[in-house]
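Since the structure comes first, as structure tokens, the remarks are kept for the end.
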Amino acid sequence: MKVQRAFLFIFALSIGISQYSCDIIKGVKKDLNNLIAASDNIVLLEDWTGHGCGNCPDAHREARTLADFYDSNLVVISIHSGAFASTTLFGPGFETDYTTTMGTAVDDYFMADQAGFPKGMINRRTFNGKVLQNFADWSTYIQQVLSESPQMGIDITTVYDSVTRNISITVDLEYFVNGSASDQIVVCLIEDSIVSPQKDYDSVPDKLPNYVHRHLLRDAITTGNWGEAIDAGGISAGDQFILNFNYTIPLAFDDKHCAIVAFVADDATKEIRQAAKEEVFE
Amino acid sequence: MIKTASAVLVFFGFAAAQAQEIDPGTINGNFQFDVQNYFEDSLIGAPEFPSRVGSNGFLYLTYARGNFQSGVRFESYMPALQGFLREKGAGLAHRFAQYETKNLDIRVGNFYEQFGSGMVLRSYEEYGLGFDNSLDGARLRLRPLPGIEVTGLIGRQRNAFTFQLANMSEGIVRGIDADFELNELLPGMDSMRTRYRIGGSFVSRFQTDNDPILILPENVANYGVRFAISGGKFSLNGEAVHKINDPSTVNALIYKPGNGVLLQATYSGKGLGVSFSAKRIDNMDYRSERAATFNNLNLNFLPPSTKQHTYRLMTLFPYATQTNGEMGFQTEIIYRIPKETKLGGKYGTNISLNFSHVRALDKIVSADPDMGYEADFFAWGNRTFFQDINAEIGRKFSDRFKGSVTYMNVVYDKSLFTQLTGFSSTTTVHSHVGVVEGIFKLKKKQTLRAEIQHAYTKQEFGSWAMLMLEYTIAPHWFVAAFDEYNYGNANPDKRLQYFTGQIGYTQGQYRMTFGYGKQRAGVLCVGGVCRFVPAANGFGFSIQGSF
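Those protein sequences? They're chains A and B, same order as listed.
So the first sequence is numbered by my numbering: it starts at 49 and just counts up by one.
So the second sequence is numbered by my numbering: it starts at 685 and just counts up by one.
Below is the structure:
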């Protein structure tokens, strides 16, 4: 009898616990009405990747899902860097170097390559003790930033001469809160839809020869890897700045798929306050 | 830091107070400290290590008196050795108090635990790998009747590479396990020679759903049942587990439930041992945070069904269980040819044959994209992840000499395990590895061990050869040196030698080693995410002991 009672007790206990500890999900999408409608923030997602990283296409797909979902509230930059961007380690087809001086410097600072790809940074901010996030968490932290009041506004206008390939860029900044003397503006060029091999471990064989690489960081337009100072004397709420840049798009890049990305970051903390994107050809 | 110091003082204060009693209790401990310097070496690709020296270390102390036990482990990373994440700091990473009687075992603080084979829950530590996923909370073990053991636990999990107690998993882990020894419980079975055991376990992870788009399960359950039968020369055990929907980074956010089955059978007779194991894993990656990757915050352990080799060139292509799905089996036969026979020789000869084969599941894309894929339970996939055929013959020839010959034929899908393809564009590595080992007893207490190894392959980095010599003067000293030569590398500039030399001294329970070596680069992949482990060149010192 003792044995039967013990069995019964343990069985009942297990059933009881299991009833309260299982969430079996039937429909996977939340009610999305008004989720982002009110936000004036534009978030920068930096997706650390490489053409030799076979686990990265999963993260690329998530970045695309989020880019489609958040539309103009999200700017995605894919940064090829580190060992997975090697032009010699992955065999024929992987000879093109997609790394950039800026991407490598930012990688060295945040140690993205060491942490293992794929990884992403949302406005270079720390969430849950980390700057480098796995892609299952990206949407949560993007949403968190979008729910905050914008610190500033950024507006990009461009004039492009397709013959000389010169683009003149005007970036308007308007601060809604006090800025910092260490605030810097970063302007860079990204290129979309580059067809080039990519490793994908979900595929057999694992080399996808005609993979479409999206929104790749191609070059820094501002000087240096961390941008240029906006006003070393300090910035107050209400301050406005008009900044002009000139750049010639290299012939190797398809200008029809290029876009200008600008963002303002506090160089002391590296955190990004606001971002913006403008296509070269609208 | 002040908090840490206070905790240590309180701990030893308690121990000192107890020292005045009649039974002062006992203090035991063990420690290890490893320090390594790193030279930049562009030839082998060893990068600059900014602090030039890295070190890992720990001291683990336990105090026991009667039914009571407590312990602390102090860990230090200044900064961590290369290959671990570059953190730096020191602190109490583990502390517990425990009270245990015949029927009751209660523990608070950090603890390790395993339910069944580990597919539902396994919390453990491997200092050498920088792995520690202890739970921090409370565990209660009850033995209400002879033959019944029930374990309940709740806690948060330590992140493998962090040492701060505050840096625990976001998820909370709850679990219960029951184990029944039927021979003890059921009348008439206690005298049976065959022993029967059954068990079941249930674990649930709670993590808040903050995702703006997806409805994520906040409570994710993983549960299983198991059995074990053993009697005489045979034993058979198995476990089946099921995990409910658990979208995560590792499974690319799909809602498909997971499951796993493991079966193991062994025969062990005089001079003959046979074992067979089979395993099927489908979407069974389970962690205390859904975004966790690499070897961080693993809640379960999926046992590999392949032989774990120790010879160095046989570990060029190591196998790791593919948590997203695999099917495999392993069989091993160990036979001892009796001594004083024509084949067995004067002392007998040991023969070991081992075969393991692991393939992908037969996955097809699901009509429901949220479910990811479908896989027929009994169908093998087309892709071979890993296959290993190996044989070893070992024989003692005289009182002064014994030797062995080992051969391994390995097929290895490197895209899953190493990710670097070297100078070949193919995905699969085929390699033949041979090892000859001889142990010579030179004089009383002096032994020389020699290994000649060769790995032949056309893929990856090409063929390797290795020579190892180890000279031991018992019981204190040993000197060892080995050289790996990547002579078959397709790139002549990369045909490099990696030399390592070591000297060691052992005194009772303490052991010190000092050495210099070059380590080849590689990529370490666990749980679908890979980390590049750079090459290294430098001196190392290690001390370890227990008291």
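Beta carbons: idealized from backbone N, C-alpha and C, even for Gly.
Quick check on residue i - is its C-beta less than 8 Å from some C-beta in chain B?
i, result
"A/ALA184", "yes"
"A/ILE72", "yes"
"A/GLN246", "no"
"A/ALA60", "no"
"A/ASN176", "yes"
"A/SER47", "Residue 47 of chain A lies beyond the residue range present for chain A, which begins at 49 and ends at 330; the question has no answer from this structure."
"A/LEU164", "Position check: residue 164 of chain A holds Gly in this sequence, whereas Leu was assumed. Yes, because at least one Cβ of chain B sits closer than 8 Å to the Cβ of A/GLY164."
"A/SER120", "no"
"A/TYR259", "no"
"A/ASP314", "no"
Which one of the options has the shortest CA to CA distance from residue i?
i, options, result
"B/LEU727", "B/PHE1231, B/MET1196, B/TYR1182", "B/TYR1182"
"B/ALA1004", "B/VAL1042, B/ARG879, B/ILE1035, B/PHE1062", "B/VAL1042"
"B/ARG1084", "B/ARG1133, B/MET998, B/SER818, B/GLU809", "B/ARG1133"
"B/LEU829", "B/PHE890, B/LEU788, B/TYR1057, B/GLY836", "B/LEU788"
"B/PHE1162", "B/THR1197, B/GLU1168, B/PRO941", "B/THR1197"
"A/ASP88", "A/ALA323, A/VAL328, A/GLU327, A/LEU256", "A/ALA323"
"B/PRO1022", "B/LYS954, B/LEU981, B/MET998", "B/LYS954"
"A/LEU221", "A/GLY281, A/VAL207, A/ALA310, A/GLY272", "A/ALA310"
"B/LEU826", "B/TYR811, B/SER1115, B/LYS786, B/ASN843", "B/LYS786"
"A/PRO105", "A/SER126, A/ALA160, A/THR136, A/ILE72", "A/SER126"
"A/ILE238", "A/SER230, A/ALA131, A/ALA229, A/HIS261", "A/HIS261"
"A/LYS167", "A/ASP209, A/TRP96, A/ALA268", "A/TRP96"
"B/THR990", "B/GLU1016, B/VAL834, B/THR950, B/THR1033", "B/GLU1016"
Between the alpha carbons of residue i and residue j, how many angstroms are there, rounded?
i, j, result
"B/ASP1097", "B/ILE1227", "37 Å"
"B/GLY1172", "B/PHE1145", "7 Å"
"B/ALA1051", "B/TYR796", "41 Å"
"B/PRO1218", "B/GLU732", "10 Å"
"B/PHE960", "B/GLN1014", "6 Å"
"B/THR892", "B/GLU854", "8 Å"
"A/ALA307", "B/ASP966", "42 Å"
"B/ASP725", "A/SER284", "49 Å"
"A/SER216", "A/PHE329", "13 Å"
"B/GLY872", "B/VAL804", "32 Å"
"B/SER1108", "B/GLN1143", "Only weak support exists for where B/SER1108 lies, its pLDDT of 41 falling under 50; the coordinates are left without a value."
"B/MET968", "B/PHE864", "25 Å"
"A/THR136", "A/GLU143", "7 Å"
"B/TYR761", "B/ALA774", "6 Å"
"B/TYR1169", "B/LEU1151", "9 Å"
Under 8 Å between C-beta atoms, does residue i make it to chain A?
i, result
"B/TYR880", "no"
"B/PHE1145", "no"
"B/GLU902", "yes"
"B/THR933", "yes"
"B/ILE899", "yes"
"B/ALA777", "no"
"B/PHE978", "yes"
"B/ASN794", "no"
"B/ASN867", "no"
"B/ASN894", "yes"
Which of helix, strand or coil does DSSP assign to residue i?
i, result
"B/ASN867", "helix"
"A/ALA133", "helix"
"A/MET150", "helix"
"B/VAL1094", "strand"
"B/SER1099", "helix"
"A/GLU327", "strand"
"B/MET803", "coil"
"A/CYS104", "helix"
"B/MET1152", "strand"
"B/THR950", "strand"
"A/ALA111", "helix"
"B/LEU997", "helix"
"B/ALA1174", "coil"
"B/PHE1145", "coil"
"A/ALA277", "strand"
"A/PHE41", "What is shown of chain A runs 49 to 330, which leaves residue 41 of chain A out entirely."
"B/THR1105", "Note on B/THR1105: pLDDT 35, under 50, position unreliable in the model; the coordinate value appears next. DSSP places B/THR1105 in coil when its eight states are reduced to three."
Hey, does residue i have any beta-carbon neighbour from chain E nearer than 8 Å?
i, result
"A/PHE117", "Checking the listed chains, one finds no chain E in this structure; the protein chains it contains are A and B."
Contiguous alpha helix (DSSP H) assignments of at least 4 residues, all confined to the segment 173-250 of chain A | 186-194
- Task: Just list the beta strand (DSSP E) runs in the segment 776-859 of chain B, keeping only unbroken ones of 3 residues or longer that don't cross its boundaries, in chain order.
- Result: The qualifying runs are 788-795, 797-799, 805-807, 819-826, 832-842.
- Item | Continuous beta strand (DSSP E) assignments of at least 3 residues falling wholly in the segment 1023-1093 of chain B | Assignment of beta strand (DSSP E) within the segment 1023-1093 of chain B, counting only whole runs of 3 or more residues, yields 1033-1049, 1057-1080 in chain order.
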